[in-house]
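Residue numbers (our numbering): 5 to 308. Think of the CB as a built atom: it goes at the ideal place given N, C-alpha and C, for glycine as much as any other residue.
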């Protein structure tokens with residue numbers, strides 16, 4: 005636990021250092037756009053103007069959702085999950101003028117920029133670990149500093165995005181089962197989820213990707229997606245997608261034949277499973293509407 009927290013803190017510091025370096029270069033011969041640090045520490049210089057700035061975009065689902073431009077993001081580990089915002093350190097006077105601070109702790113209201121209308125198509129080029137979307141970006145738009153921005157009006161700055169691009173190179177690998185017949189006595193997961201009442205209470209044999217993590221419990225899914233970057237050829241934590249159902253009673257010894265995450269943080273791999281199908285509410289928060297109680301499992305692929 006302590007080791008994981010240390011890595012997360014260090015990762016955030018690295019990200020901030022990269023942006024501060026870019027900021028320093030902007031005053032030299034390299035014409036680098038301003039960073040989010042520049043916007044929030046010298047807002048009077050940019051307010052009411054169309055600007056192009058660099059920083060880290062963070063979107064997190066919720067009510068209200070988070071959509072911010074930040075100096076840095078920290079994550080729980082190399083899985084890129086549990087992304088947390090790191091805010092710029094700013095000190096603002098009673099006259100509304102702000103400046104960098106070496107002592108004040110960064111706050112959401114003054115240490116970040118609320119992003120309005122961030123283009124959805126750009127999120128496909130960013131980290132998408134399942135619980136957030138985040139990554140280094142360059143955004144262009146009208147910068148405003150009148151306050152009262154965001155769903156609850158708590159943000160001092162807003163940028164109405166007209167253009168955005170990712171500053172990272174992220175390759176995605178997708179492993180998926182095909183929607184085609186499996187042979188006599190077998191049903192695809194597409195058949196089962198399309199007409200679950202037909203199979204309810206029946207013994208079924210089907211194929212799919214087994215996926216387990218502490219947050220999901222055991223499941224059978226249509227596809228697995230994972231990220232790779234130039235700095236991480238192994239890939240981050242895989243994300244399940246597509247058709248999905250619960251699996252109860254997966255044999256622990258079979259996990260050793262599949263892809264295992266660091267410290268057993270996840271398990272995944274292609275399997276054929278036989279068991280009894282049930283319909284209802286299963287898994288965390290009742291998210292799975294079908295579940296197979298496992299009788300037997302055959303691993304179909306070696307770990308990747």
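Opening and closing residue of the beta strand (DSSP E) in which residue 275 lies:
Numbered from 1 along the chain shown, position 271 holds the residue referred to as residue 275. First-last of the beta strand (DSSP E) with residue 275: 271 to 286.
Close Cβ partners of residue 181 (< 8 Å) along its chain, the five nearest in sequence each way excluded
Stepping through the chain shown from its first residue, residue 181 is reached at position 177. Only 192, 193, 211, 212, 213, 226, 227, 274 meet the Cβ criterion.
Report yes if the C-beta of residue 253 is less than 7 Å from at least one heavy atom of the ligand ZN; otherwise report no.
Ligands in the displayed structure: none, and consequently the ligand ZN is not present.
Per DSSP, what kind of secondary structure is residue 247 in: helix, strand or coil?
Here residue 247 is taken as the residue at index 243 of the chain shown, counted from 1. Three-state result, residue 247: strand.
To the nearest whole angstrom, what separates the beta carbons of residue 131 and residue 196, a pair I think is in contact under 8 Å?
Here residue 131 corresponds to residue number 127 of the chain shown, with the count starting at 1. Here residue 196 corresponds to residue number 192 of the chain shown, with the count starting at 1. Actually they do not touch by this definition, with Cβ atoms about 32 Å apart.
Looking at the secondary structure, which residues open and close the beta strand (DSSP E) in which residue 306 lies?
By one-based count along the chain shown, residue 306 stands at place 302. First-last for residue 306: undefined, no H or E at that position.
Exposure label - residue 242; buried when at least 16 CB within 10 Å:
Sequence index remark: in the chain shown, residue 242 carries index 238 (1-based). It is buried - the Cβ of residue 242 has at least 16 other Cβ atoms within 10 Å.
Residue ranges of each alpha helix (DSSP H) run of no fewer than 4 residues wholly in the stretch 151 to 220, ordered along the chain?
193 to 198, 200 to 203
Can you check whether the C-beta of residue 198 is within less than 8 Å of a C-beta belonging to chain C?
Included in the structure is just one protein chain, with no chain C present.
First and last residue of the beta strand (DSSP E) that includes residue 58?
The count along the chain shown starts at 1 and reaches residue 58 at position 54. Where residue 58 is concerned, the enclosing beta strand (DSSP E) stretches over 54 to 64.
Taking Cβ to Cβ, would you say residue 115 is nearer than 8 Å to residue 44?
Counted from its first residue, the chain shown places residue 115 at position 111. Counted from its first residue, the chain shown places residue 44 at position 40. Their beta carbons are under 8 Å apart, which means residue 115 touches residue 44 by this criterion.
With respect to the alpha helix (DSSP H) encompassing residue 114, which residues constitute its N-terminal and C-terminal limits?
In the chain shown, counting from the first residue as 1, residue 114 sits at position 110. Run containing residue 114: 112 to 115, per the alpha helix (DSSP H) assignment.
By the three-class DSSP mapping on this structure, what secondary structure does residue 13 have?
Working through the chain shown from its first residue, we reach residue 13 at position 9. In this predicted model, residue 13 has a pLDDT of only 34, less than 50, meaning its place in the structure is not dependable; the value taken from the coordinates is given anyway. Three-state DSSP puts residue 13 in a helix.
If you reduce the DSSP assignment to three classes, tell me which class residue 43 lands in.
Within the chain shown, the letter at position 39 stands for residue 43. When secondary structure is reduced to three states using DSSP, residue 43 falls in the helix class.
Do the stretch 129 to 147 and the stretch 161 to 170 meet, that is, are 3 or more Cβ pairs less than 8 Å apart?
yes
Limits of the alpha helix (DSSP H) - the one that residue 259 falls within:
Numbered from its first residue, the chain shown carries residue 259 at position 255. Looking at the DSSP string, the run of the alpha helix (DSSP H) that includes residue 259 is 256 to 259.
Do residue 77 and residue 57 have their C-beta atoms within less than 8 Å of each other?
Within the chain shown, residue 77 is the residue found at index 73, counting from 1. Within the chain shown, residue 57 is the residue found at index 53, counting from 1. Their beta carbons are not under 8 Å apart, which means residue 77 does not touch residue 57 by this criterion.
Assign residue 128 to one of three DSSP states: helix, strand, or coil.
As a working mapping, residue 128 is identified with position 124 in the chain shown. Looking at residue 128 - three-state DSSP - the assignment turns out to be helix.
For residue 84, three-class secondary structure by DSSP
Mapped onto the chain shown, residue 84 falls at position 80. Reduced to three states, the DSSP call for residue 84 is coil.
My output table needs one value for residue 147: the three-state DSSP class, helix, strand or coil.
By one-based count along the chain shown, residue 147 stands at place 143. The answer is strand: DSSP assigns residue 147 an E or B state.
Leaving out the 5 sequence neighbours to the left and right, which residues in its chain are closer than 8 Å to residue 139 when beta-carbon positions are compared?
For the purposes of this step, residue 139 is taken as the residue at position 135 of the chain shown. So the qualifying residues of the chain are 60, 61, 129, 130, 131, 170, 171, 172, 174.
With DSSP run on the structure shown, which of helix, strand or coil describes residue 252?
Taking the first residue of the chain shown as position 1, residue 252 is located at position 248. Three-state result, residue 252: strand.
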